[in-house]
Amino acid sequence: DVKVTQSSRYLVKRTGEKVFLECVQDMDHENMFWYRQDPGLGLRLIYFSYDVKMKEKGDIPEGYSVSREKKERFSLILESASTNQTSMYLCASIPSGGADTQYFGPGTRLTVL
Amino acid sequence: TQLLEQSPQFLSIQEGENLTVYCNSSSVFSSLQWYRQEPGEGPVLLVTVVTGGEVKKLKRLTFQFGDARKDSSLHITAAQPGDTGLYLCAGPTSGTYKYIFGTGTRLKVLA
Chain A
2 DVKVTQSSRY
12 LVKRTGEKVF
22 LECVQDMDHE
32 NMFWYRQDPG
42 LGLRLIYFSY
52 DVKMKEKGDI
62 PEGYSVSREK
72 KERFSLILES
82 ASTNQTSMYL
92 CASIPSGGAD
102 TQYFGPGTRL
112 TVL
Chain B
4 TQLLEQSPQF
14 LSIQEGENLT
24 VYCNSSSVFS
34 SLQWYRQEPG
44 EGPVLLVTVV
54 TGGEVKKLKR
64 LTFQFGDARK
74 DSSLHITAAQ
84 PGDTGLYLCA
94 GPTSGTYKYI
104 FGTGTRLKVL
114 A
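Quick note, the sequences are listed as chains A and B, same order. 2 is the number of the first residue of the first sequence in my numbering; add one for each residue after it. 4 is the number of the first residue of the second sequence in my numbering; add one for each residue after it.
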């Protein structure tokens with residue numbers, strides 16, 4: 002069974018804290034994504050990575066950075082968390098080669114107080 | 004900018020009723036996908052439609068891709084409480100692995 006796991010299901014942080022969200026996939030996929038999901042706005046792409054150490058900005062990268070040191074792991078970093086970053090964060094992966102299926106993790110619900 | 008608009012946003016129906024959810028765009032997509040997301044989980048792929056006019060069936064769910072590949076619909080026959088969830092359509096942006104998602108339709112089927 003394919004699997005994408007995220008480090009935490011729920012997280013509560015304070016404004017100004019540095020926050021790390023980790024995603025691990027066991028499918029040897031080249032491409033990994035971080036989305037945030039907010040009511041009425043759908044899923045919006047924050048960053049994606051198409052290879053180790055490679056990254057590209059998505060539609061809403063401001064306030065976020067990412068790290069991909071190993072193929073299976075893609076980390077999302079909130080350098081200084083703010084209340085408007087309270088959201089559901091979803092990680093996904095997809096192989097290269099034209100396959101369409103995105104495999105999603107269960108999500109991390111982050112609350113910034 | 005490519006956008007996907009879904010309607011309706013919310014739908015609450017009785018068990019046994021039929022329903023249709025729409026996903027529309029002014030842009031052409033090479034394919035469209037439908038996902039279902041249950042509370043506390045990530046989205047799970049239901050189907051991918053690729054050819055204009057294509058119809059795919061998954062048990063009581065029927066998916067159609069518009070002839071011009073700008074829209075898609077999901078029809079559920081005799082809805083059951085287990086169909087409850089958030090339905091999302093998604094399409095790839097040209098030449099990349101990036102996907103655009105619709106805003107979603109939240110379906111609740113009452114027993």
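Think of the CB as a built atom: it goes at the ideal place given N, C-alpha and C, for glycine as much as any other residue.
Any chain B beta carbon closer than 9 Å to residue i
i        : result
A/Ile95  : yes
A/Tyr36  : yes
A/Leu42  : yes
A/Phe105 : yes
A/Arg45  : yes
A/Arg10  : yes
A/Thr102 : yes
A/Asn32  : yes
A/Leu91  : yes
A/Val67  : no
A/Val13  : no
A/Val5   : yes
A/Gly64  : no
A/Gly108 : yes
A/Gly59  : yes
Residue i, DSSP secondary structure in three states
i        : result
B/Asp86  : helix
A/Asn85  : helix
B/Phe104 : strand
B/Ser30  : coil
B/Ala71  : coil
B/Thr23  : strand
B/His78  : strand
B/Thr54  : coil
A/Ser9   : coil
B/Lys62  : coil
A/Met33  : strand
A/Asp39  : strand
B/Glu8   : strand
B/Thr99  : coil
Nearest-angstrom beta carbon gap, residue j and residue i [assumed within contact, 8 Å]
i        : j        : result
B/Pro11  : B/Thr108 : 6 Å
B/Gln5   : B/Ile103 : 5 Å
A/Gln103 : B/Leu48  : 7 Å
B/Cys26  : B/Gln9   : 5 Å
A/Tyr48  : A/Gly59  : 5 Å
Chain-ordered chain E contacts of residue i [CB-CB under 8 Å]
i       : result
A/Phe49 : Checking the listed chains, one finds no chain E in this structure; the protein chains it contains are A and B.
Interface flag, residue i vs chain A, CB-CB below 9 Å
i        : result
B/Phe66  : no
B/Val47  : yes
B/Phe32  : no
B/Glu44  : yes
B/Leu91  : yes
B/Gly69  : no
B/Gly85  : no
B/Gly107 : yes
8 Å Cβ shell around residue i - same chain, five flanking residues per side excluded
i       : result
A/Met10 : Looking at the sequence shown, residue 10 of chain A is not Met but Arg. Pro107, Gly108, Thr109, Arg110, listed in sequence order.
B/Asp70 : Gly55, Gly56
A/Val53 : Arg69, Glu70, Lys71, Lys72
A/Pro62 : Ile47, Tyr48
A/Thr87 : Leu111, Thr112, Val113
Proximity test, residue i beta-carbon vs the ligand GDP heavy atom, cut-off 8 Å
i       : result
B/Phe66 : Questions concerning the ligand GDP fall outside what the structure shown contains, since it holds no ligand whatsoever.
Sequence-distant residues of its chain with Cβ nearer than 7 Å to residue i (five each side left out)
i       : result
A/His30 : Ser94, Ile95, Pro96
B/Phe68 : Leu35, Val52, Thr54, Gly55, Gly56, Glu57, Ser75
A/Ser68 : Ser76, Ile78
A/Ala82 : Lys14, Thr16, Gly17, Glu18, Val20, Val113
B/Glu18 : Ala82, Gln83, Pro84, Val112, Leu113, Ala114
Own chain partners of residue i with C-beta closer than 6 Å, once the 5 adjacent residues on each side are dropped
i       : result
A/Asp27 : Lys4
B/Thr65 : His78
B/Arg72 : Val31, Phe32, Gly55
A/Met33 : Ser50, Phe75, Ser94
B/Thr80 : Asn21, Arg63
Point to revise | beta strand (DSSP E) segments (min. 3 residues) lying fully within the segment 47-86 of chain A | key: If we require 3 residues or more, the beta strand (DSSP E) runs fully inside the segment 47-86 of chain A come out as 55-58, 65-71, 74-79.
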